[in-house]
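For the sequence shown, position 32 (counting from the first letter as 1) is numbered 35 according to this note's numbering, and the numbering increases by one without interruption. The structure under discussion appears below in the form of structure tokens.
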Amino acid sequence: MIEPPVANEDLSAPEDYPMKNVLYGTPDAKVQWLRTSTQGEGQLFTGIFMCRPCGLEDEYLGDESLYMIEGRMTVEVIGGESVSLKAGDVASFPRGTKTVCHIHEPIKKFFVISG
């Protein structure tokens, strides 16, 4: 049986994550990084993101897949449909997607950004 290498780095405490383009509310956003590099080509970031209720404009700088751990939000895709997400939901957005996010309840999400 092949055993994949396991990162055994100490996880740091969540750090403040300044949000740009806040439309309303006070995000008080934090991120706990799990991975910020890759052994191959391209980018790979994973972590846990937490944010309080607010509204903000965003553009995905890489392909992002996420799993909602807690909370509820609506992601309005500019030029597309709105996506309502709650705990237990998964979603994926391609690089360059422009959105307006409405965070209705404090959220905690696991994310993977690649590309």
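Glycine included, C-beta positions come from ideal geometry on N, C-alpha and C.
Is DSSP giving residue i helix, strand or coil here?
i	result
ARG75	strand
ALA94	strand
LYS23	coil
Quick one: using the 10 Å Cβ neighbour count with 16 as the cut-off for buried, is residue i buried or exposed?
i	result
PRO30	buried
VAL80	exposed
ALA32	buried
LEU69	buried
GLU44	exposed
GLU67	buried
Have a look at residue i and residue j and give me their C-alpha separation to the nearest angstrom.
i	j	result
THR110	VAL103	Looking at the sequence provided, one finds Ile at residue 110 rather than Thr. Roughly 15 Å separates the two Cα atoms.
ILE72	SER87	14 Å
PRO97	SER117	10 Å
ASN24	GLU62	10 Å
LYS89	THR77	9 Å
ILE106	PHE114	16 Å
TYR20	GLY74	18 Å
Please go through the same chain and pick out, in chain order, the residues whose beta-carbon is closer than 8 Å to the beta-carbon of residue i, but skip the five residues on each side of it.
i	result
ARG38	ALA10, LEU47, PHE48, THR49, GLY50
Please return the same chain residues whose Cβ sits closer than 7 Å to the Cβ of residue i, not counting the five positions on each side in sequence.
i	result
GLU18	LYS33, VAL34
Closer than 6 Å by C-beta to residue i: which residues in its own chain qualify, once you throw out the five before and the five after it? Chain order, please.
i	result
GLU60	ASN24, VAL103
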